[in-house]
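Going by this note's numbering, the final residue of the sequence shown carries number 278, and the count climbs one at a time with no gaps.
Backbone N, C-alpha and C fix where the C-beta goes; we use that ideal spot for every residue, glycine too.
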Amino acid sequence: MSLSNHITMVSRGSSPFVAIPVFPSRFFRHSCIFINTDSGIQKPQDFKGKKVGAPEYSITAAVWIRGMLQDDYGVKTHEMQWWVGGQEETGRKERVALKLPPEIKVTPIADDKTLNGMLESGEIDALISARAPSSFVKGSPKIRRLFPNYKEVEMDYYKRTKIFPIMHVLVIRRALYEQHPWVARSLYKAFSEAKERAIGAMLKITNTHAATLPWLFAEVEELKSLFGADWWPYGIEANRHVLETLIRYMQEQGLIERPVKVEELFAPNVVGEFKI
Numbered sequence: 003m004s005l006s007n008h009i010t011m012v013s014r015g016s017s018p019f020v021a022i023p024v025f026p027s028r029f030f031r032h033s034c035i036f037i038n039t040d041s042g043i044q045k046p047q048d049f050k051g052k053k054v055g056a057p058e059y060s061i062t063a064a065v066w067i068r069g070m071l072q073d074d075y076g077v078k079t080h081e082m083q084w085w086v087g088g089q090e091e092t093g094r095k096e097r098v099a100l101k102l103p104p105e106i107k108v109t110p111i112a113d114d115k116t117l118n119g120m121l122e123s124g125e126i127d128a129l130i131s132a133r134a135p136s137s138f139v140k141g142s143p144k145i146r147r148l149f150p151n152y153k154e155v156e157m158d159y160y161k162r163t164k165i166f167p168i169m170h171v172l173v174i175r176r177a178l179y180e181q182h183p184w185v186a187r188s189l190y191k192a193f194s195e196a197k198e199r200a201i202g203a204m205l206k207i208t209n210t211h212a213a214t215l216p217w218l219f220a221e222v223e224e225l226k227s228l229f230g231a232d233w234w235p236y237g238i239e240a241n242r243h244v245l246e247t248l249i250r251y252m253q254e255q256g257l258i259e260r261p262v263k264v265e266e267l268f269a270p271n272v273v274g275e276f277k278i
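Spelled out as C-alpha cells, the structure:
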C-alpha cells in the first residue's frame, strides 16, 4: 500500500488497515523529475513559480520529491503550482480526499488532457511521477530529466541523509488483525526470511546469476560499500528516521493535520523489536 496514503488515513483515524514494517518498494526519486526544455528550468531552484504535474498530489513519490526540493534546494511546496490527473490516460483522480491549506494550489487537469501531453506541449513546465512519461521514453527532444546524472546525485543524497525513500508498506486488514493478531508477527517473520534468502542468492557466487544482470556481483559490492550488509532494511528502528522524515514532509505539504507517531502506523504487537 502507498505509505503516504496509509499515514494520511492513520492521521484521520479512519484507516481500515494496520501495517507491519515490511517495505516492498523503495526508490530514490531524483530520476523521476522531468522537465520541458523550453520551461526555463536549468536547476532545482528554478522550480519556484513553475507549473508542475503529478498523477496525484498525495502519492508517496511526489511527497518525497517535494520534500527533497525543499530540504536540499529551498523550493517550498506552495511556491509551485500543482496540476494533477492521468499521466498517460485521462480521468485519474486522487485516491484520498485532500484537505490542503489555502496557500497550496492543486488544480485537476481537464478531462480530455494527460500530463504527458501537457508536458510535451509546454502547458506544464515539469512532471514528477513514479513512471517516466511516454514522451521521454520515445525520445522527445522537448523532454529531459532534471538530473541526467541521477545515480550520482542519489548516492550523494543517501550519503548525506542516510535516507533510502520508502514507497510502499505491507498492510493487514484491521478486522483480520483484531481477530487473529498473530498474523502480524507471522507475516513479518515470513517476509524477513524471504528477503534474507533473496539477498543471500545475490551474494552467492555460482555459475548462474540470481538476476539477469551481467555485473550483478559488482553492483552488490557497490551496494554493500554504501549501505552496509543490509541495504533494504525492514523493522521500525532501522527505518525510524526515514519514516519520521516522510511524516514531517506530509505535515509541511498539508497532507496531515497533526504529527503522527511512527508507532501509530504499525500493528501494536510488532512495534517492539523482536528476533526472528
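How should K277 be labelled, buried or exposed, when 16 other C-beta atoms within 10 angstroms of its C-beta is the threshold for buried? Note that K277 scores a pLDDT of 49, beneath 50, so its modelled location is shaky and nothing firm can be said.
From the DSSP output, read off the bridge partner residues of A128. I37 and V54.
Residues in the same chain with beta-carbon distance under 8 Å from G76, minus the five sequence neighbours each way, listed in chain order, please. Within the same chain, G76 has close Cβ partners Q47.
Alpha-carbon spacing of N118 relative to I201, whole angstroms: One C-alpha to the other measures close to 36 Å.
Return the CA-CA distance between D114 and L228, expressed in angstroms with no decimal places. Between D114 and L228, the C-alpha separation is close to 45 Å.
Classify W217 as helix, strand or coil using the three-state DSSP reduction. In the displayed model, W217 falls within coil according to three-state DSSP, outside both helix and strand.
Cα-Cα separation, N271 to A128: A straight-line Cα-Cα distance of about 43 Å links N271 and A128.
Please state whether DSSP places I145 in a helix, a strand or coil. Correct three-state label for I145: strand.
Check whether the segment 66–84 and the segment 228–246 touch, using three or more Cβ-Cβ pairs below 8 Å as the test. Cβ pair count under 8 Å is below three, so no.
Tell me the rounded alpha-carbon separation between T210 and R199. If you take the alpha carbons of T210 and R199, they lie about 16 Å apart.
Proximity of V262 and S13 at Cβ, strictly below 9 Å: A contact, by the Cβ cut-off of 9 Å.
Cα-Cα, which of P23, P18 and F29 is closest to I168? That would be F29, whose Cα lies nearest to the Cα of I168.
Exposed or buried, what is A269 when buried is set at 16 or more other beta-carbons lying within 10 Å of its beta-carbon? Counting Cβ neighbours within 10 Å, A269 comes out buried, since at least 16 surround it.
Could you tell me the alpha carbon to alpha carbon distance between I288 and W84, rounded to whole angstroms? Coverage of the chain is limited to positions 3 through 278, which leaves residue 288 absent and any answer about it impossible.
Give a yes or no on whether the C-beta atoms belonging to R1 and E156 are separated by under 9 Å. For residue 1 there is no data in the structure shown, the boundaries of the chain being 3 and 278.
Is it the case that the segment 35–49 contacts the segment 8–24, given that we only count it when at least three CB pairs across the two stretches are under 8 Å? Cβ pair count under 8 Å is below three, so no.
How would you write the range of the beta strand (DSSP E) that Q83 sits in, first residue to last? Counting along the chain, the beta strand (DSSP E) containing Q83 begins and ends at Q83 to V86.
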